[in-house]
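>
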Amino acid sequence: MSVRPDILCIGSVLWDVIGRSDRHMKQGSDVPGHITRLPGGVALNIAMTLARFDLRPALLSIVGRDPEGEELVAACEHLGLLTEHLYRSDDLPTDQYMAVEGANGLIAAIADAHSLEQSGDKILRPLIEGPLGFADAPFDGPIALDGNLTEGLLDQIARHPAFAAADLRIAPASPGKAERLLPFLRAGRGVLYVNLEEAGLLCQTEFEDAPQAGATLIERGAARAIVTDGANVTCDASSDGTLAERPPEVMVTRVTGAGDTFMAAHIASELRGADRETALHRALSTAAAYVAGGPGA
């Protein structure tokens with residue numbers, strides 16, 4: 001018998017290949033460090049953090065039937081994630097992400113999520129054709145959604161009746177994909193989780209700080225916007241007002257996945273009944289612990 005998930009995580013599920021060095025780096029740097037391969041992708045990063053909060057996330061994405069895909073699914077199940085609703089492709093390879101980080105932060109990254117983009121709405125079938133939901137009996141729980149999907153598919157989700165009852169939580173995945181969230185801005189749906197640069201791209205302007213960006217996103221039609229700005233003030237903006245808090249100061253040991261960890265911790269807090277102020281504080285503390293090298297939960 002299938003387990004009912006506490007939340008659905010829709011988007012990229014892949015392998016993260018991360019090279020890290022404790023030295024400052026620039027273009028052309030060749031330095032010693034460590035290279036790791038870990039389960040990753042925005043949707044999967046969010047799901048892994050949610051699982052550490054004792055929630056049961058289900059993944060909706062594509063994973064190939066190649067050896068990398070089989071290994072990835074086994075790793076997800078070992079982490080307590082529900083994988084039965086994944087679309088498994090015989091033809092498309094398992095996606096991957098590669099990043100280089102130095103003591104001065106992220107140096108460069110390449111996201112190979114072509115299989116996710118090519119799979120289209122196949123990954124949504126469990127929500128449209130069952131067993132998770134149908135157009136006339138939509139899923140009524142929380143959904144964490146990432147912008148690695150195509151803009152066309154995200155536009156479909158913003159308008160599709162199968163998503164009408166869901167609590168949508170949406171992240172762009174990267175600044176280069178921020179504008180893919182425009183359908184949710186236009187529809188006034190969901191909670192947008194963006195950083196300062198991504199907010200600027202959505203609004204076609206530059207902002208001095210997160211509260212300014214959050215207020216503008218609400219003016220442009222967003223139902224709610226959570227805007228981060230690295231070590232600077234983070235805000236939670238809605239028509240009910242704007243909250244702001246500065247993250248704890250920590251020694252930075254990693255950055256890849258920090259935004260996903262923040263988003264997951266914020267969602268988990270609100271699912272457990274925390275008010276906006278408490279949820280923001282817990283999310284910032286969890287993300288700071290992650291950046292400092294801890295598990296982030």
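102 is the number that this note's numbering gives to position 102 of the sequence shown; each next residue is one higher, with no gaps. Ideal placement from N, C-alpha and C gives every residue a C-beta, glycine not left out.
Measuring CB to CB, does Thr-49 end up less than 7 Å from Ala-199?
Not a contact, by the Cβ cut-off of 7 Å.
> So, does the stretch 10–22 touch the stretch 37–49, judging by three or more C-beta pairs under 8 Å?
The stretch 10–22 vs the stretch 37–49: in contact.
> Could you spell out the range, first to last residue, of the beta strand (DSSP E) harbouring Asp-260?
Taken as a continuous stretch (DSSP letters only), Asp-260 belongs to no beta strand (DSSP E), being part of the alpha helix (DSSP H) at 258–271.
> What did DSSP end up calling Asp-6 once you bin it into helix, strand or coil?
Coil, per DSSP.
> Determine the extent of the beta strand (DSSP E) in which Met-48 is found, giving its start and end residues.
Met-48 -> not in any beta strand (DSSP E); alpha helix (DSSP H) instead, spanning 42–52.
> Expressed to the nearest angstrom, what Euclidean distance is found between the alpha-carbon atoms of Asp-121 and Leu-153?
Each residue's Cα considered, the two are about 7 Å apart.
> So, with DSSP's three-state summary, where would you put Leu-132?
Leu-132: coil per DSSP, three-state reduction.
> Contact check, Thr-82 vs Pro-5 under 8 Å by CB: the rounded distance?
The sequence shown places Leu at residue 82, not Thr. Their Cβ separation, rounded to whole angstroms, is 5 Å, which keeps Leu-82 and Pro-5 in contact under 8 Å.
> Can you give the Cα-Cα distance for Glu-245 and Asn-104, rounded to whole angstroms?
About 24 Å.
> Using 8 Å as the Cβ pair cut-off and three pairs as the minimum, do the stretch 135–146 and the stretch 75–95 touch?
No: the two stretches stay apart, fewer than three of their Cβ pairs being nearer than 8 Å.
> Beta-carbon separation of Ile-123 and Ile-62 under 7 Å?
Against a cut-off of 7 Å, the Cβ pair of Ile-62 and Ile-123 comes out as a contact.
> Going by beta-carbon coordinates alone, are Asn-195 and Thr-228 separated by less than 7 Å?
In contact: Asn-195 and Thr-228 (Cβ atoms closer than 7 Å).
> What distance in whole Å lies between the Cβ atoms of Asp-91 and Asp-112, which are believed to be in contact at a cut-off of 8 Å?
So it is not a contact: roughly 16 Å between Cβ atoms.
> Let's see if you can read the secondary structure: which residues bound the alpha helix (DSSP H) around Ser-238?
Note, Ser-238: premise wrong, no alpha helix (DSSP H); beta strand (DSSP E) at 234–238.
> Shortest alpha-carbon distance to Thr-261 belongs to which of Phe-53, Arg-37, Val-233?
Ranking the options by Cα distance to Thr-261, first place goes to Phe-53.
> The alpha helix (DSSP H) with Arg-20 in it runs from where to where?
From DSSP, Arg-20 is part of no alpha helix (DSSP H) but of the beta strand (DSSP E) over 14–20.
> Return helix, strand or coil for Val-227, following the three-state DSSP convention.
Val-227: strand per DSSP, three-state reduction.
> So Ala-180 packs on Glu-206, CB below 8 Å; how close in whole Å?
Contrary to the premise, residue 180 reads as Arg rather than Ala in this sequence. The pair is not a contact, with the Cβ atoms about 20 Å apart (cut-off 8 Å).
> Decide if Asp-236 is buried, meaning its Cβ has at least 16 other Cβ atoms within 10 Å, or exposed.
By the neighbour-count rule (16 or more Cβ atoms within 10 Å), Asp-236 is buried.
> Over what stretch of residues does the beta strand (DSSP E) that includes Ala-144 continue unbroken?
Element bounds for Ala-144: 142–146.
> Smallest Cα separation from Ser-119: which of His-160, Gly-130, Gly-64, Glu-68?
Nearest of His-160, Gly-130, Gly-64, Glu-68 to Ser-119, Cα basis: Gly-64.
> Consider the Cβ of His-85: report whether some Cβ of chain D lies at a distance smaller than 7 Å.
The question asks about chain D, but that chain is absent: this structure has only one protein chain.
> So, are the CB atoms of Arg-224 and Leu-185 less than 7 Å apart?
The answer is no: Cβ separation not under 7 Å.
> Measure the Cβ-Cβ separation of Val-191 and Arg-169 and say whether it is below 7 Å.
In this structure, Arg-169 lies closer than 7 Å to Val-191 by Cβ.
> Here's the rule: buried if 16 or more other CB atoms are within 10 angstroms of the residue's CB, otherwise exposed. What is Gly-294?
Looking at its Cβ environment, which holds fewer than 16 other Cβ atoms inside 10 Å, Gly-294 is exposed.
> Using a 10 Å radius around the Cβ and a threshold of 16 neighbouring Cβ atoms, would you call Arg-272 buried or exposed?
So Arg-272 ends up on the exposed side.
> Looking at the secondary structure, which residues open and close the beta strand (DSSP E) in which Val-100 lies?
Counting along the chain, the beta strand (DSSP E) containing Val-100 begins and ends at 96–102.
> How far does the beta strand (DSSP E) with Thr-242 in it reach, from first residue to last?
Counting along the chain, the beta strand (DSSP E) containing Thr-242 begins and ends at 241–245.
> CA-CA distance, Gly-102 and His-78?
Each residue's Cα considered, the two are about 30 Å apart.
> Shortest alpha-carbon distance to Ile-107 belongs to which of Val-255, Arg-282, Ala-268, Leu-72?
Ranking Val-255, Arg-282, Ala-268, Leu-72 by Cα distance to Ile-107 puts Val-255 first.
> Following the continuous beta strand (DSSP E) through Pro-93, name the residue where it begins and the one where it ends.
Run containing Pro-93: none; DSSP gives neither H nor E here.
> For Ile-128, I'd like the list of residues in its chain whose CB is within less than 8 Å of its CB, leaving aside the five on either flank, ordered along the chain.
Asp-121, Phe-134, Ala-135, His-160, Ala-162, listed in sequence order.
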